[in-house]
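Peer 1:
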Amino acid sequence: MHASFHTVLSCLLCLLAPGLIGAASAQGAPGQVDGKKPHHPAPAKTTYRVINLAAGEVISASINASGQVAYSLTTDIFNEPINAYFYNGSSSQNIGSLTGPGNFARVTGLTNSGQVAGVSLNAADDIRTFTWNAADGMTDIGTLPGADEALEPVINNKGVITAIAHNTATSFNRAFRWSALGGITDLGVLAPGPVESSYPRAINDAGIIVGDSWAFGNDYHAFLWTFGTGMIDIHTNASNDSTPVGISAFGQVAGNYHVDGELWRGYVWTFGTGMVDIAPPAVRTETFGMTSGGRITGQIGDPFIGSRAMTWTQGGGLVDLGTLGGTISSARGANNKGQVVGGAQTGAGPVHAYVWTAKEGMVDLNTRLKHAPPGLVLEAALGIAENGYIVAVSNTGLVLLKPVSKSPCGCPHSVGPVVASEMVAVGAPLTASVGVAGERQAARYGITWYWGDGNATRTASTPAASGAASAGATHSYTRPGIYTVTAKVVDGNGASVDVSRQVVAYQPGKGMAAGAGAFISPLAASKAPLRHTGKARFLFIAPAVGAQPASAAAFSQAAPGSLHFDAGDLDFVSKDLRRVAAQGAQSRFEGSGTLNGKGGYRFALAATASNAASGEPGRIKLRIWHLDRVTGKEVVAYDNSRADDGRVRPAVAGATARAAASTTGASDGAGSALAEGSIALY
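Structure, rendered in structure tokens:
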């Protein structure tokens with residue numbers, strides 16, 4: 003069972019090896035006549051219908067065996083809290099929070115029966131673990147004595163939860179178990195002492211819990227816990243630290259260990275073998291999750307050069323899944339039928355969602371869509387159910403891919419992204435458009451455009467020869483700011499789908515600074531466990547300073563601006579962006595913010611203005627860090643000021659310097675060049 007942003011659960015078919023399903027007997031093929039094999043047409047390639055689940059900034063998503071989805075997102079990262087939702091197979095509902103509708107709630111897991119686990123804020127503003135189901139609603143499961151919070155729960159199919167009890171004042175962290183019948187059980191620690199702590203990471207349906215715990219010095223060791231054994235140390239090699247990521251139904255444990263530094267190596271553990279590397283010593287791996295059937299997913303290769311998706315099974319060993327023509331890929335989920343999903347770089351540069359099988363290899367899911375709306379791009383698949391349903395992130399938000407079958411789909415119309423400029427000057431017209439597709443090719447749709455400033459426009463779609471429909475509208479903003487543009491698309495039966503995007507409206511001159519777009523994040527910019535390479539998106543705005551030319555004194559008097567930065571699993575938000583210096587086409591900004599919802603982070607941003615005349619695309623250099631509470635030292639979460647970790651490595655065979663820069667996001671001292679969007683500095 004995966005212990006990350008998705009849950010992939012077992013079914014009876016997991017008992018069958020994927021290669022044996024539908025295979026002919028070794029004794030001879032049934033139906034064979036006179037020694038000749040009958041002709042059977044090749045099975046059709048699987049195609050998918052797209053179901054728009056929700057628009058907004060996707061924070062987490064879990065999918066169960068039948069294709070139900072629990073997810074969390076925010077429709078406005080600056081002004082709206084993260085909310086939790088449950089899709090029951092036909093519609094989604096906001097499941098609320100511990101303090102009422104619309105308040106913070108984040109999903110961390112989902113069972114096959116539709117029970118959701120996650121975290122929310124209670125009335126005292128403490129983070130607590132909740133469990134939710136359609137019949138009983140949301141329940142706070144409590145925490146250990148001496149703690150005020152309960153963090154990062156994982157749940158098994160029996161509804162048993164394990165989470166971290168945390169004391170915000172003392173940094174007490176202790177693993178515990180909860181069930182509806184048994185209540186709370188303290189799992190203990192491996193070693194007593196001043197910094198004793200334990201962190202659960204996964205639980206299987208037998209109730210076996212694995213995690214990591216302090217083990218003296220600076221080391222943390224993987225542990226396994228049952229009622230019979232209590233907490234036992236399963237760290238059996240000479241490395242410093244180890245942490246599990248999953249446990250199978252058979253008791254296999256998958257995880258990572260490292261000797262020094264940030265780079266980890268993947269392992270599998272059993273009672274009989276102890277910790278065993280899943281790759282030879284010269285091959286670097288990192289595991290992300292494990293299914294109930296024992297399939298591991300993760301990455302293979304040096305992350306500072308370009309790592310690729312991998313999968314491992316006891317019978318098949320380690321398999322490099324490759325890419326879609328680019329340099330990098332990552333495996334984010336799997337099921338027990340041999341299907342693996344994730345994101346992979348294409349030859350053109352962007353990262354696309356894929357599905358992999360041993361028979362077909364890696365397939366770009368964008369090439370397998372039926373009735374896809376114009377402009378839709380699937381960027382990463384997060385999980386796959388036993389029935390083949392796939393939950394994925396797209397440029398419209400979160401979507402569900404439903405395999406096409408002979409049975410009627412019953413799917414609503416699907417809607418593509420809002421197409422509009424990332425930035426627009428105040429008073430200038432912003433033109434936005436959207437595409438729609440469905441089973442009825444001549445269908446017409448009503449579209450309501452919400453511009454984010456209190457204004458709305460109603461339009462109707464125009465059918466296209468391709469069978470898709472499209473609609474557009476124009477609006478002008480009267481004040482600078484970051485606005486969410488939403489298109490609500492309604493069909494003739496009243497079914498509606500929302501898609502949205504954010505737009506920066508800026509006031510030219512008067513010391514205004516604004517930017518929106520994307521760049522290719524360097525391979526070593528984000529730090530473990532949030533390491534990401536590929537497209538990183540940003541938008542920021544700093545209000546006018548009231549003086550021209552702008553000066554340091556004027557900057558200090560200006561109101562703070564806003565920054566949003568998104569790179570893979572790293573999501574940074576600030577409402578405290580302040581310009582501290584400007585020189586020519588460059589400006590520097592500083593401030594504080596939250597990383598994945600957690601406060602206490604600082605940032606330094608350097609921006610270079612876009613200039614079409616000189617061919618300058620604009621550049622971003624960003625550093626995000628926090629101070630360690632014990633040592634007081636800076637702990638860097640993201641830094642794209644350099645493209646590597648300082649180590650000398652051989653060049654990638656056949657790669658030119660320019661090609662290497664385009665795929666790794668190589669950054670010089672001025673920052674990473676924009677691949678999309680623009681920056682305006684006044």
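Heads up, the sequence shown is in our numbering, so the first residue is 3 and it goes up one at a time. We put the beta carbon where it would ideally sit given N, CA and C, even for glycine. Quick caveat: nothing in here was measured; it's all calculated off a predicted structure.
Find out if the Cβ-Cβ distance for the pair L384, A63 is shorter than 8 angstroms.
Peer 2: It is a contact, given that the beta carbons lie within the stated cut-off.
Peer 1: Kindly identify the DSSP beta-bridge partner or partners of N613.
Peer 2: According to DSSP, N613 bridges with E618.
Peer 1: Excluding the 5 residues flanking W227 on each side, which residues of the same chain have their C-beta closer than 6 angstroms to its C-beta?
Peer 2: Cβ neighbours of W227 beyond the five flanking positions: L189, I211, M233.
Peer 1: Am I right that P202 and T164 are in contact with their C-beta atoms under 8 angstroms? What's the rounded C-beta distance?
Peer 2: 4 angstroms between Cβ atoms; contact.
Peer 1: As an exercise, report each continuous beta strand (DSSP E) stretch of at least 3 residues that is fully enclosed by the segment 106–191, in chain order.
Peer 2: Runs of the beta strand (DSSP E) inside the segment 106–191: 107–112, 118–123, 129–135, 139–142, 151–157, 163–168, 175–181, 185–190.
Peer 1: Under the rule that 16 or more other beta-carbon atoms within 10 Å means buried, what is F460, buried or exposed?
Peer 2: Reading the sequence as shown, one finds Arg at residue 460 and not Phe. Under this definition R460 is an exposed residue.
Peer 1: Roughly how many angstroms separate the alpha carbons of V506 and L579, rounded to a whole number?
Peer 2: If you take the alpha carbons of V506 and L579, they lie about 15 angstroms apart.
Peer 1: Consult DSSP for S674 and reduce its assignment to one of helix, strand or coil.
Peer 2: Here S674 sits in strand by DSSP.
Peer 1: With A284 and G268 assumed to form a contact (beta carbons below 8 angstroms), what rounded beta-carbon distance in angstroms separates them?
Peer 2: Not confirmed; about 14 angstroms, so no contact.
Peer 1: Counting C-beta neighbours from all protein chains within 10 Å, is the total for D568 16 or more, i.e. buried, or is it exposed?
Peer 2: Result: buried.
Peer 1: From what residue to what residue does the beta strand (DSSP E) around P405 run?
Peer 2: Looking at the DSSP string, the run of the beta strand (DSSP E) that includes P405 is 399–405.
Peer 1: Is the beta carbon of T392 sitting closer than 8 angstroms to the one on V353?
Peer 2: For the sequence presented, residue 392 should be read as Ile rather than Thr. It is not a contact, given that the beta carbons lie outside the stated cut-off.
Peer 1: Using 8 angstroms as the threshold, is the C-beta distance between A489 and W453 below it?
Peer 2: Contact: no.
Peer 1: Output the distance between the C-alpha atoms of L55 and L400, rounded to the nearest integer angstrom.
Peer 2: Approximately 6 angstroms between the Cα atoms of the pair.
Peer 1: What is the residue span of the beta strand (DSSP E) that I249 lies within?
Peer 2: Element bounds for I249: 243–249.
Peer 1: Taking L629 as the reference, give the member of D138, R604, G517, F218 with the closest Cα.
Peer 2: Of D138, R604, G517, F218, the residue nearest in Cα terms is R604.
Peer 1: Taking DSSP as the reference, what is the three-state secondary structure of T287?
Peer 2: T287 falls in the strand class under three-state DSSP.
Peer 1: Any idea if F710 is buried or exposed, counting beta-carbon neighbours within 10 angstroms, 16 or more meaning buried?
Peer 2: The shown model of the chain, from 3 to 684, leaves out residue 710, and the question about it has no answer.
Peer 1: Helix or strand or just coil, what does DSSP make of L367?
Peer 2: It is helical.
Peer 1: Let's test the definition: count the other Cβ atoms within 10 Å of the Cβ of S616 and tell me whether it reaches 16, buried, or not, exposed.
Peer 2: By the neighbour-count rule (16 or more Cβ atoms within 10 Å), S616 is not buried but exposed.
Peer 1: Give me the residue from I484, A497, V492 with the minimum Cα distance to D78.
Peer 2: The option with the nearest alpha carbon to D78 is I484.
Peer 1: Taking Cβ to Cβ, would you say Y447 is nearer than 8 angstroms to V492?
Peer 2: Yes, they are a contact pair.
Peer 1: Comparing C-alpha positions only, which one of A471, A136, A360 sits nearest to T374?
Peer 2: Strictly speaking, residue 374 in this sequence is Ala, with Thr absent from that position. The shortest C-alpha separation from A374 is found at A471.
Peer 1: Mapping the DSSP letters down to three states, classify V686 as helix, strand or coil.
Peer 2: Nothing about residue 686 can be read from this structure; the chain reaches only from 3 to 684.
Peer 1: Mind checking whether V501 and P414 have CB atoms under 8 angstroms apart?
Peer 2: No.
Peer 1: So V156 and G111 are supposed to be a Cβ contact under 8 angstroms. How far apart are they, rounded?
Peer 2: Contact holds; Cβ gap of about 5 angstroms.
Peer 1: So which of S331, G474, P376 has the shortest CA-CA distance to Y356?
Peer 2: For the residues S331, G474, P376, the minimum Cα distance to Y356 belongs to S331.
Peer 1: Report buried or exposed for D127, applying the criterion of at least 16 other Cβ atoms within 10 angstroms of its Cβ.
Peer 2: Per the 10 Å Cβ criterion, exposed.
Peer 1: Using the DSSP secondary-structure output, state which residues sit across from H628 in a beta bridge.
Peer 2: DSSP, once it has assigned bridges, lists V637 as partnering H628.
Peer 1: Could you spell out the range, first to last residue, of the beta strand (DSSP E) harbouring Q585?
Peer 2: Looking at the DSSP string, the run of the beta strand (DSSP E) that includes Q585 is 572–585.
Peer 1: Helix or strand or just coil, what does DSSP make of M277?
Peer 2: Strand.
Peer 1: What does a CB cutoff of less than 7 angstroms around E381 pick up in its chain, not counting 5 residues either side in sequence?
Peer 2: So the qualifying residues of the chain are G345, V353, H354, A355, V395, S396, N397.
Peer 1: Assign N642 to one of three DSSP states: helix, strand, or coil.
Peer 2: It is coil, neither helix nor strand.
Peer 1: Output the distance between the C-alpha atoms of L624 and A182, rounded to the nearest integer angstrom.
Peer 2: Whole-angstrom Cα-Cα distance: 46 angstroms.
Peer 1: Cβ of Q341 within 8 angstroms of Cβ of I302?
Peer 2: No, they are not a contact pair.
Peer 1: Check this for me: beta carbons of I622 and S674, under 8 angstroms apart or not?
Peer 2: Result yes, Cβ atoms of I622 and S674 sit closer than 8 angstroms.
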